[in-house]
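Here's the structure, in structure tokens; my notes come after.
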Amino acid sequence: MGVVKFSYLAYLSQPASDRPIYKWLNQHPVSKIVELGVGDAVRTRRIFELAVAIQPNNPIQYTGIDLFEARPSGQEHLTLKTAYRLLRALPVRSRLVPGDPYTALARIANELTGTDLLIIASDQDPEQLKRAWPLVPRMLHPTSQIFLERVAKKQPHFQPLSQTELAKLIDTTRRQDRAA
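In structure tokens:
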């Protein structure tokens, strides 16, 4: 990937909310990516292109978790089959897992150890995501990066989530579970 293509992704691409991921990825080679909320797969394809360009000889594994056809009506989505076709064309070993964050991670979190980059889209069911937080640490290593998409003033934006913030989310979830 040339300087022009990277500059486009990092500074001009739409949606602008994805740009922090591209900038981070340019500085940090990854081999294992997990995405909660594939959406239309545009971000995913761009991440693949950038990751492969940065380290062409390093195999990259990707796991995309999404409701696919089970998304509520009115939400943008791809069918599982279409998503698979789109992602299969790129030189990344892709695995697509249908389901909400909690159900999917409860099944496969142990298989996702060593995740370098975890991307969580804002379209995830908040209750299911809250239940999934305690499963996340087993997937990560000390230099893993989490990007959590938040919506402020009706504008989505990805922000890095620190290990401290993750620990607070997990602690809050556990306290609420004990109180219930």
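Add 1023 to the 1-based position in the sequence shown for this note's numbering, that's all there is to it. Glycine is no exception: its CB is placed at the ideal position from the N, C-alpha and C atoms.
Can you tell me whether D1262 is helix, strand or coil according to DSSP?
Outside the displayed span of the chain (1024 to 1203) sits residue 1262, for which this structure offers no information.
Nearest CA to the CA of V1122: which residue from L1141, R1094, A1190?
Note that residue 1122 is Gly in the sequence shown, not Val. Measuring from the Cα of G1122, the nearest candidate turns out to be R1094.
Tell me G1087's beta-bridge partners as DSSP assigns them.
When beta bridges are read from the DSSP output, G1087 appears opposite E1058, L1119.
Which first and last residues belong to the alpha helix (DSSP H) in which T1166 is found?
Per DSSP, T1166 belongs to no alpha helix (DSSP H); it is in the beta strand (DSSP E), 1163-1175.
For the beta strand (DSSP E) containing T1102, list its first residue and its last residue.
Per DSSP, T1102 belongs to no beta strand (DSSP E) and is neither H nor E.
Could you check if K1104 is buried or exposed, using at least 16 other CB atoms within 10 Å of its CB as the buried criterion?
exposed
Length of the line joining the Cα atoms of Q1050 and R1197:
34 Å
Should A1144 and G1062 be called a contact, given that it needs their Cβ atoms to be closer than 8 Å?
yes
How about V1053 and M1162: are their beta carbons less than 8 Å apart?
Result no, Cβ atoms of V1053 and M1162 do not sit closer than 8 Å.
For the stretch 1184-1202 against the stretch 1085-1101, are there 3 or more C-beta pairs whose distance is under 8 Å?
no
For a test of the three-state rule: what should DSSP assign to D1139, helix, strand or coil?
strand
With DSSP as the reference, label L1184 as helix, strand or coil.
strand
Quick check on P1179: does DSSP put it in helix, strand or coil?
If DSSP states are grouped into helix, strand and coil, P1179 belongs with the strands.
Alpha carbon to alpha carbon, how far is D1089 from L1113? Give it in angstroms, no decimals.
19 Å
Buried or exposed (CB count within 10 angstroms, at least 16 for buried), D1200
Under this definition D1200 is an exposed residue.
By the DSSP assignment, the alpha helix (DSSP H) with N1049 in it spans what residues?
Taken as a continuous stretch (DSSP letters only), the alpha helix (DSSP H) holding N1049 covers 1042-1050.
Would you call the CB atoms of A1064 and L1110 closer than 8 Å?
Against a cut-off of 8 Å, the Cβ pair of L1110 and A1064 comes out as a contact.
Candidates V1120, L1141, L1140, D1139: which alpha carbon is nearest I1131's?
V1120
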